[in-house]
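Engineer: Every number in this note's numbering is 112 more than the matching position in the sequence shown, counting from 1.
Built from N, CA and C at the ideal position, the CB exists for glycine as well.
Below is a structure I'd like to ask you about.
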Amino acid sequence: MKTMLPSLSWTFRVPIFGFPGILRCIHPCPSIPALPSWLAVVMPDRAVRSSGPGLSRGTGNQAQAMKAILVLVTLLAFAGTHSRAAEKPNIVIILADDMGWSDLGCYGSEIETPNLDTLASGGLRFTQFYNTARCWPTRAALLTGYYAQQVRRDALPNLGGGGQGRRPGWARLLPDFLKSAGYRCYHSGKWHIDGDVLPGGFDRSLHTRNDGNFFTAKGNLLDDQPITPAADESGYYVTTATAQHAIDCLKDHAANNPGRPFFHYIPFISPHFPLHALPEDIAKYRDRYRVGWDVMREARFKRQTETGLIRTPLSPLERDVGPPYPFPDAFAKLGPDEIDRPIAWTELTDGQRRFQATKMAIHAAMIDRMDREIGRVVDQLKAMGAFDNTLLLFASDNGASAEIMVRHGGHDPQAAPGSAATYLCLGPGFSSACNSPFRRHKTWVHEGGIATPLIVHWPKGIAAKNELRHTPAHVIDIVPTVLAAAGIEKPAQWKGEPIPAAPGRSLALAFAKDATIARESLWWLHEGNRALRVGDWKIVAAKGAPWELYDFTTDRAEQQDLAAGMPAKVEELAALWQRQTAAFSELVGKSMADPPRPKAATNDGK
Ligand SMILES: [Ca+2]
């Protein structure tokens, strides 16, 4: 029987490890049954405090203190919020696809995103939030709370896994944990996770598989069943269709399940290639990018610096870094105006400048339209009275893409750019600008590939408005954050099988204030590209290249490689990366004996 006492807490300042600390005791609130009966947590003030855009590096003692509080800190977080959110919050996770770190107005962009900007001004923007550098591993990490490699959804050395990998039985998706607390769960958009959608715990789904053509519903699945496209698809655009399905689900929820909380996962395909957008949206941006990628990067960086989002130099364009995969045939189809390197804008021909600026205009139009569709979803949340107690999270699955290819229906150079008959990709020039101020792109684990905006909006649960949060965090943190917000304890077993410990941390502490979430490290591996972040140190290496070492207190743009002068630091961090990799390999090795899951419809491997 639950204790029906109100939440009580006491805070005392005490020294720890030579630094001022806080002793906090909390009595449980009955609305959060996951909390143990009593908690006593000692937090060293300086170890858990962010110092701003360039976080201060902990001393040795601070590092020890960080380890000491690793497990305990996240359990405290909603003590200050749950009393205002007695009803379980609704959860909405919106994901963009291949959108760069600087592509939203509230992250420095000239692209018009008023709806997302309004969510940001009514909530929080995280400045150091990370994904996994690629579509499918991010989605696996986002919905399971594990690194994708732990659940076989990205490759480990000598163990395989990846876009076709199958999760072990214990690797449940978030809905399986939410449903036990009464949540209805909806999915509208891209999937790219193994297995069908409804067996993943969702009650309704629109699975948009039309990723080669944004102007047809052909290939899409409704509740895992193939749909028949309308005879006249002249009004179809997938971004709008995705939002419309979400709105329809929400209207149905309001009518038929008004007393139940809901989780809605809305992963748009936008602005993934092929660059397909509505003509009127493209027209809005047609001439905006004639200034070129060099000027655009400087302008975005200036706004990012002025608004406090970043404190780092702007990385110079890497003129010799092009697409991550060769598609030589594509250039023959695309013609001489396509270019595979971000050379100086002034060195391009007039035709190249016009072509490249048009591609960026389509990219911008796709994001602009997505923002407006998100506005329609928000309007529906407001209309049904759900907006104030909805925890809404918005992020991108990887950085902007330098890829250039022609697939699916091919490319007609005579057709209007951005129309269904064309197949254009952003490419390394404007991708670099979209990832300002960072280096590299989707697939790399330098900051340009893995940094994403994270907007968090929850009026009833987060008092702060229009504030920045500088703690490093990762999509593995979303599951524990959502479960904490919903007051749900993750089970230790699934159908008799133990569920392994997950690496993510709840962000709840950072919801309340600009605090650093304690953790040992953040880890990346994708197609041989690898990285590890500990505090403000990061080691990173492209496939086959040696480790680079960066100090993020001043150099998040990864400009001054300190590896040669600090070999001991590189060795220390590389050993930690190796230990993590070995631990993940051991976990996967144990679960390899699991029976394979049935193969299901998934997006092709991109
Ligand atoms: Ca993607």
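Among Gly277, Met478, Asn227 and Tyr259, which has the Cα closest to the Cα of Thr693?
Structural biologist: When C-alpha distances from Thr693 are compared across Gly277, Met478, Asn227 and Tyr259, the shortest belongs to Tyr259.
Engineer: Identify, in the order they occur along the chain, each residue of the same chain with its Cβ nearer than 8 Å to the Cβ of Lys607, setting aside the five sequence neighbours on each side.
Structural biologist: Same-chain partners within the cutoff: Gly281.
Engineer: Starting from Ser508 and walking both ways along the beta strand (DSSP E), at which residues does that stretch end?
Structural biologist: Ser508 -> beta strand (DSSP E) spans Thr502 to Ser508.
Engineer: By how many angstroms is the C-alpha of Arg465 removed from the C-alpha of Asp406?
Structural biologist: 12 Å
Engineer: May I ask whether a heavy atom of ligand 1 can be found less than 7 Å away from the beta carbon of Asp323?
Structural biologist: Relative to ligand 1, the beta carbon of Asp323 is positioned no closer than 7 Å to any heavy atom.
Engineer: Between which two residues does the alpha helix (DSSP H) carrying Cys247 extend?
Structural biologist: DSSP places Cys247 inside the alpha helix (DSSP H), whose first and last residues are Cys247 to Thr256.
Engineer: Output needed for Glu410: all residues of its chain with C-beta closer than 8 Å, excluding positions within five of it in sequence on either side, in chain order.
Structural biologist: Leu426
Engineer: Could you compute how far the alpha carbon of Pro373 sits from the alpha carbon of Ala253?
Structural biologist: In a straight line, the C-alpha of Pro373 is about 23 Å away from that of Ala253.
Engineer: Out of Tyr295, Asp288, Leu216 and Pro226, point me to the one whose CA is closest to Glu199's CA.
Structural biologist: Tyr295
Engineer: Which parts of the region 591-676 are runs of the alpha helix (DSSP H), unbroken and 4 residues or longer, counting only runs that do not cross its ends?
Structural biologist: With a minimum length of 4 residues, the continuous alpha helix (DSSP H) runs that stay inside the region 591-676 are 620-624.
Engineer: Can you look up Cys546 in the DSSP assignment and give me helix, strand or coil?
Structural biologist: helix
Engineer: With a threshold of 7 Å, establish whether the CB of His384 neighbours any heavy atom of ligand 1.
Structural biologist: Checking every heavy atom of ligand 1 against the Cβ of His384, one is found closer than 7 Å.
Engineer: With burial defined as no fewer than 16 other Cβ atoms inside 10 Å of the residue's Cβ, what is the status of Glu698: buried or exposed?
Structural biologist: exposed
Engineer: Whole angstroms are fine: how far does the CA of Lys302 sit from the CA of Phe314?
Structural biologist: 14 Å
Engineer: Quick one: what's got a C-beta closer than 7 Å to Pro341's C-beta in the same chain, skipping five residues either side?
Structural biologist: Thr328, Ala329 and Lys330
Engineer: Taking DSSP's pairing of strands, which residues face Gly530 in a bridge?
Structural biologist: Gly530 pairs with nothing; no bridge assigned.
Engineer: Three-state secondary structure (DSSP) at Asn325?
Structural biologist: Asn325 falls in the coil class under three-state DSSP.
Engineer: Among Thr244, Pro565 and Ile206, which one has its Cα closest to the Cα of Tyr298?
Structural biologist: Ile206
Engineer: Looking at Trp247 and ligand 1, is the gap between the Cβ and the nearest heavy atom below 7 Å?
Structural biologist: Residue identity differs from the one stated: residue 247 is Cys in this sequence, not Trp. Yes, since a heavy atom of ligand 1 falls inside the 7 Å radius drawn around the Cβ of Cys247.
Engineer: Note down the Cα distance separating Leu387 from Trp213, rounded to an integer number of angstroms.
Structural biologist: 18 Å
Engineer: Under the criterion of a Cβ to heavy atom distance below 7 Å, does Asp266 qualify as lining ligand 1?
Structural biologist: no
Engineer: With a 10 Å radius around its C-beta and 16 neighbouring C-beta atoms as the bar for buried, classify Glu683 as buried or exposed.
Structural biologist: It is exposed - the Cβ of Glu683 has fewer than 16 other Cβ atoms within 10 Å.
Engineer: For the alpha helix (DSSP H) holding Pro373, just list the boundary residues, first then last.
Structural biologist: Pro373 -> no alpha helix (DSSP H), and no H or E assigned at all.
Engineer: Does the beta-carbon of Tyr437 have 16 or more other beta-carbons within 10 angstroms, so that it is buried, or is it exposed?
Structural biologist: exposed
Engineer: Would you call the region 570-585 and the region 226-234 touching, i.e. three or more CB-CB distances under 8 Å?
Structural biologist: yes
Engineer: Would you give the residue range spanned by the beta strand (DSSP E) that Ala569 belongs to?
Structural biologist: For the sequence presented, residue 569 should be read as His rather than Ala. Element bounds for His569: Ala563 to His569.
Engineer: Helix, strand or coil for Arg296 per DSSP?
Structural biologist: strand
Engineer: Is Asn510 near ligand 1, with its Cβ less than 7 Å from a heavy atom?
Structural biologist: Yes, Cβ of Asn510 sits closer than 7 Å to a heavy atom of ligand 1.
Engineer: Pro549 and Gln240: beta carbons closer than 8 Å?
Structural biologist: It is not a contact, given that the beta carbons lie outside the stated cut-off.
Engineer: What residues match up with Ala585 in a beta bridge as DSSP calls it?
Structural biologist: Phe241.
Engineer: Please determine, among Pro612, Asn547 and Leu536, the residue with the shortest C-alpha to C-alpha distance to Gly324.
Structural biologist: Leu536
Engineer: Taking the beta carbon of Asp432 as the centre, do at least 16 other beta carbons fall within 10 Å, making it buried, or is it exposed?
Structural biologist: exposed
Engineer: For a test of the three-state rule: what should DSSP assign to Gln464, helix, strand or coil?
Structural biologist: helix
Engineer: Secondary structure at His475, three-state DSSP: helix, strand or coil?
Structural biologist: helix
Engineer: Cβ of Asp209 versus every heavy atom of ligand 1: is any distance shorter than 7 Å?
Structural biologist: yes
Engineer: When burial is assigned at 16 or more other CB atoms within 10 Å of the CB, is Asn270 buried or exposed?
Structural biologist: exposed
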